[in-house]
Amino acid sequence: MKKYISLIFIFGFLFFFQSCASQGSSDPKTVDAMVNSQDFTFYAQRANPTNYDVINVMNSIPNAPASRILDLNGNYTVELRNNVVEVVLPYFGRLFTASTFGGGNDKTSYRFTSKDFGITKTQNKKGNWVVRIKPNDVSNVDEMIIEVYKNGKAFVSMRSNDRQPITYDGYVSKNEEKK
């Protein structure tokens, strides 16, 4: 009986790690096609603030992990579709301009839709893509850099005129059909 229990435990353990490893992983050809067509969505899994005040506050919370990474549990995305960029990302850091908190969090987070933007794509020797997006119709965002790796993992860096930079880790996926 102990033999069967240990065998079931081992298979369960292997199945768990196999399913974790396949999450957010894609075929390199699929990733190339998504980036070339400029039709993909970045799903943020973690935020990496650069402000040490935020990091010190996070480290002072009891029973909190001693890292500067924040796990995101929501649907935070950067969606590139049909010459439109839709961004919904949280922000943790210092704002350099005063912002009112009365009208929701659209002033303190990155929530915008851009239809007028410049985009450049380059691919390095390893096959990773670097997509630079410069929105012209959004006043506070200077540039977004999306680095997409061959396995579908991605890294987004946001540079703004009115706040400290922040980065996000996650993965890219094909856009879902909207009804």
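At position 113 of the sequence shown (counting the first as 1) the number is 113 in the working numbering, and the numbers step up by one without a gap.
Glycine included, C-beta positions come from ideal geometry on N, C-alpha and C.
Please read all numbers here as calculations on a predicted model, not as lab measurements.
- Counting only the Cα atoms, V131 lies some 14 Å from K150.
- Assigned with DSSP and collapsed to three states, S37 falls in helix.
- For the pair N136 and D116, the Cα-to-Cα distance works out to about 6 Å.
- DSSP lists A44 and A154 as the bridge partner or partners of G170.
- If you draw a straight line from the Cα of D27 to the Cα of A33, it is about 10 Å long.
- According to DSSP, F92 shares a beta bridge with no other residue.
- For V148 against N128, the beta-carbon gap comes to about 7 Å, under 8 Å, which counts as contact.
- Within the model, the alpha-carbon separation for I146 versus F112 is close to 17 Å.
- Linking Q38 to V87 through their CA atoms gives a straight-line distance of about 15 Å.
- By the neighbour-count criterion, in which a residue is buried when 16 or more other Cβ atoms sit within 10 angstroms of its Cβ, S160 is buried.
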